[in-house]
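Each remark here refers to the structure printed beneath this line.
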Amino acid sequence: MYGGDETNGIVLDCGSSTTRAGYAGEDTPEALFPSVTGFSTVGSDQIQRQDSSNKRQKTSSAVEPSRKLKTGSAVLDFRHENFEVEPVFKHGNYTSIEAVEALWEHAWRDRLRVNIEEHPVMMAEPNFHPKVAREQLLEVLFETHKAPAAFMAKNAVLASYAMGRQTSLMVDAGHDGTVVAAVHDGYVLKHSITQSCIGGAALSQCMLKSLEAKGISVKPRFAFRREDSKTSPGQFEVQDIGLKGLTDSFCNFHVEQVAADIKESIGRVSDLAFNASENANIPTVSYELPDGNEIQVGPERFNVPEVLFQPALLQSTFAGVLDSAAANGAPAASILDVIQDSISRSDVDVRRELYNSILLTGGCSLFATLRDRLERELGDVAPQTAKVKVTSPANGTERRFAVWIGGSILASLGSFQQMWMSKKEYEEHGAALMHRKAP
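Under full-length UniProt numbering, the sequence shown is numbered contiguously, ending at residue 439.
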């Protein structure tokens, strides 16, 4: 057991898109920044790296350039030449332990400004997290960062806590895809976990393809300079400064940020199945690009979110997006199919309760009317004896941060404090003890 009721724990949720960090007991995370790292491609030394399988990665020379990893908006939001950007997580697994540490250190050193040796750490983890990966994270947390105590909890469990449920069907529509998992009495039913590669990243790529098809070019914010007009006071002129010296990964990261904002700002789920050709004359909505150009978006704002319900669009209208989205091996299944599949894998005696306790969370769940359409279409295919109810927080912040909020609630409960895995327990039993404390 670690400490008393007041632990002042740190809650950490490293998602595929953003990392959220803050104090247990708070309503929202204090720190929020992209889950990516960057490094300069010039002036590096030679070292080896480790990946999440705890094996040394080797290049043809058995080594690769040392990279002083940088992260955080203060670094990534500015123009950097010869600067590569890499996601820390791909399809739920981290690419290297060094990259994860960069996120951790930025969270508690630069953003929270705390000494982690004085705070227990609650870490959210993917529902399908391999044992070897969680053990490695714990080893680094205790051995390198000297945390006094830690606990790891599945995303679905924490999101369920955030919405006051012990039993639910968690639908997490996130950046890398949609993951569905049944939670029963506070534990994830592992055999119920299903996933689709369709998430926020795939939809952002679909939006880019739609705009490119109309001849609209989306530029990174640093590809131009806006200056006050010398001839028209109160207005500005755009000066193109080009992309010379910038890496493809750095440019793509920022273009995708703009595409994501377009998608989130004007995207909407149609009340009924949407057919773009039948709605070609739908009224347009304007959006101002970072360079000041105003574009008109029509059927695309419905057709892009429609991919959640009609994955076949990835093979026709948005051909090419599927190749990168499905790299993790997850199928390009509709949100209805992954929900139905998860429930069918669950025990028969809890299926009716799951249909009545579907909880929708994740950044990709923020489209207007998504909850209503999902509930209606599930009702059409569910057994007659099942009552379908889809619930999601009305507040977009709570829906986006549901996992972190659940961790904040759990780590602040007095009855939870005996569940912490202390540094002493780690030294006596090893990281594998966490598999018993948090199956």
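Yeah, the Cβ is synthetic: ideal placement off N, Cα and C, and Gly gets one too.
Quick caveat, the model's predicted, so the values are computed rather than measured.
Asked	Found
Distance cut-off 7 Å: D27 Cβ against heavy atoms of the ligand MN	Annotation note on the ligand MN: not contained in the displayed structure, which lists no ligands.
For I358: DSSP bridge partner residues	L169, V390
Cut-off 8 Å between Cβ atoms - residues of its own chain near G292, not counting five sequence neighbours on either side	R226, F236, V238
Through-space distance from Y23 to G379, alpha-carbon basis	39 Å
Per-residue burial, P305 [other beta carbons within 10 Å of its own, 16 or more giving buried]	buried
Three-pair Cβ contact test at 8 Å for the stretch 352 to 370 versus the stretch 170 to 186	yes
Environment of N115 [buried if 16+ CB atoms lie within 10 Å]	exposed
Residues near A438 by beta carbon distance below 7 Å, same chain, minus five either side	F151, M152, A153
Cα-Cα separation, F224 to P383	56 Å
Range of the contiguous beta strand (DSSP E) that encloses D13	10 to 14
Endpoints, alpha helix (DSSP H) assigned at residue 441	This structure leaves residue 441 out entirely; the chain is present only between 1 and 439.
Three-state secondary structure assigned by DSSP to H429	helix
Simplified DSSP assignment, three categories, for A107	helix
Exposure label - P311; buried when at least 16 CB within 10 Å	buried
Closest residue to E143 among S422, R436, H435 (Cα-Cα distance)	S422
Bridge partner(s) assigned by DSSP for S196	T178
Span of the beta strand (DSSP E) around G407	G407 -> not in any beta strand (DSSP E); alpha helix (DSSP H) instead, spanning 402 to 412.
Span separating the alpha-carbon of V388 from that of R352	9 Å
Three-way DSSP call (helix, strand, coil) for S160 in this model	helix
Test item: CB-CB of D13 and W404 under 8 Å	yes
Of the listed residues A330, A273, K70, S357, nearest to G164 (C-alpha basis)	S357
Beta-ladder partner(s) of H184, from DSSP	Y187
Three or more C-beta pairs below 8 Å linking the stretch 87 to 106 and the stretch 33 to 41	yes
Terminal residues of the beta strand (DSSP E) in which A273 lies	Per DSSP, A273 belongs to no beta strand (DSSP E) and is neither H nor E.
Nonlocal neighbours in the same chain, by C-beta distance under 7 Å from L32, ignoring five residues either side	T18, R20
Own chain residues within Cβ distance below 7 Å of S253, not counting five before or after	The question names Ser, yet the displayed sequence has Phe at residue 253. Same-chain partners within the cutoff: V36, V85.
Residues near V188 by beta carbon distance below 8 Å, same chain, minus five either side	N127, K154, A156, V157, A181, A182
Q48 to K90 span [Cα, whole Å]	Low confidence applies to Q48: its pLDDT is 32, below 50, so where it sits in the model is not reliable, and the reading given next is rough at best. Their Cα atoms are separated by approximately 20 Å.
Three-state secondary structure assigned by DSSP to K58	Below a pLDDT of 50, predicted positions are generally treated as unreliable, and K58, at 37, falls in that range; the measurement from the model is reported next regardless. Note: K58 maps to coil in three-state DSSP.
Cα-Cα separation, S53 to L137	A caution first: S53 carries a pLDDT of 38, below 50, which makes its placement in the model too unreliable to give a value.
Exposed unless 16 or more other CB atoms sit within 10 angstroms - verdict on R113	exposed
Distance CB(G298)-CB(I282) smaller than 8 Å	yes
Alpha helix (DSSP H) segments (min. 4 residues) lying fully within the stretch 279 to 326	300 to 303, 321 to 325
Delimiting residues of the alpha helix (DSSP H) encompassing Q257	248 to 266
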